[in-house]
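Quick notes on the structure that follows.
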Amino acid sequence: MTFKENLLEKIFSKISQINEPRILDMGSGRSKNILRFLSQNPKLHYVGIEPNKADANFARDLLKQYTNATIINQLGYNPIENFGQFDVCMSLSVLEHVKELKTFLTNSVKAVKSGGLIVHLYDLGHSLYATSLKERLQVSLSNNFVDLLPESKVARYVNLEQVSQMLLGQGAEVREVTYHQMRSHKDFLMFLKLTLTKKKFWPEKFLNGNLKFLNI
């Protein structure tokens, strides 16, 4: 089981009593991790928003047998059908690549119904451990002159307090906060392989700041 599948297991455990749960995945990528949950939960309604056309098309083809799964090829800045009716809104390793952070976070709050769950997992590794001059320049521009970059090139430092204030300003209540800041995704996957083998989810020494479970 992958890390994201473990996280999804945790999310599903929180909505297990809902008869026909609706999940909005903002920045859904290829939606591979949701496949097992759709097969196990025929009443699950899943909507993925993915700005990359190739990834969105891949996800549509992957999930084509599920009539209750929809992939929308756009940025997460505009309302969609059933906006305000989702039980869960989530983004996994997305916030650090978002150009209009306040709009994105505001929509994540507005997307869920009263009592809904919002989960944002984001990664500080891109900004803290840039490994080349090109990456350092990209991070610097993302942090200071983000308007100069196309959305696909954003890799920013996402300030925890700023994110919290944006969400609180929309009426969200922060319930749990954790994050990872590994030097690279490769390091993070190795860390997960070791910890999951030991049947641990988040070792205490790595708990710090950026996985947000919120209730409205």
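The sequence shown runs 152 to 367 under the working numbering.
For glycine and all other residues, C-beta sits at the position ideal for the given N, C-alpha and C.
Computed from a predicted structure; not experimentally measured.
Compute the distance between the beta-carbons of residue 219 and residue 196, then report whether it is under 8 angstroms. Using a Cβ distance threshold of 8 angstroms, residue 219 and residue 196 count as a contacting pair.
Tell me the residue span of the alpha helix (DSSP H) that contains residue 319. Per DSSP, residue 319 is one residue of the alpha helix (DSSP H) stretching across 311–319.
Measure the alpha-carbon distance for residue 170 versus residue 289 and round it to whole angstroms. The alpha-carbon atoms of residue 170 and residue 289 are separated by roughly 45 angstroms.
What are the residues that DSSP puts in a beta bridge with residue 185? Paired residue(s): none; residue 185 is not in a bridge.
Counting pairs of Cβ atoms below 8 angstroms between the segment 154–162 and the segment 181–188, do you hit three or more? Contact between the segment 154–162 and the segment 181–188 is present, because at least three Cβ pairs lie under 8 angstroms.
Should the segment 251–262 be regarded as contacting the segment 281–288, the criterion being three or more beta carbon pairs within less than 8 angstroms? The segment 251–262 vs the segment 281–288: no contact.
Pull up the distance between the alpha-carbon of residue 318 and that of residue 191, whole angstroms please. Taking the straight line from one Cα to the other gives about 32 angstroms.
On the DSSP letters alone, give me the boundaries of the beta strand (DSSP E) that residue 116 sits inside. Outside the shown range of the chain, which is 152 to 367, sits residue 116, and nothing can be said about it.
Would the segment 203–219 count as touching the segment 229–240 if we require 3 or more Cβ pairs under 8 angstroms? Output reads no: the segment 229–240 does not touch the segment 203–219.
Counting C-beta neighbours from all protein chains within 10 Å, is the total for residue 113 16 or more, i.e. buried, or is it exposed? A query on residue 113 cannot be resolved here, the shown segment of the chain reaching from 152 to 367 and no further.
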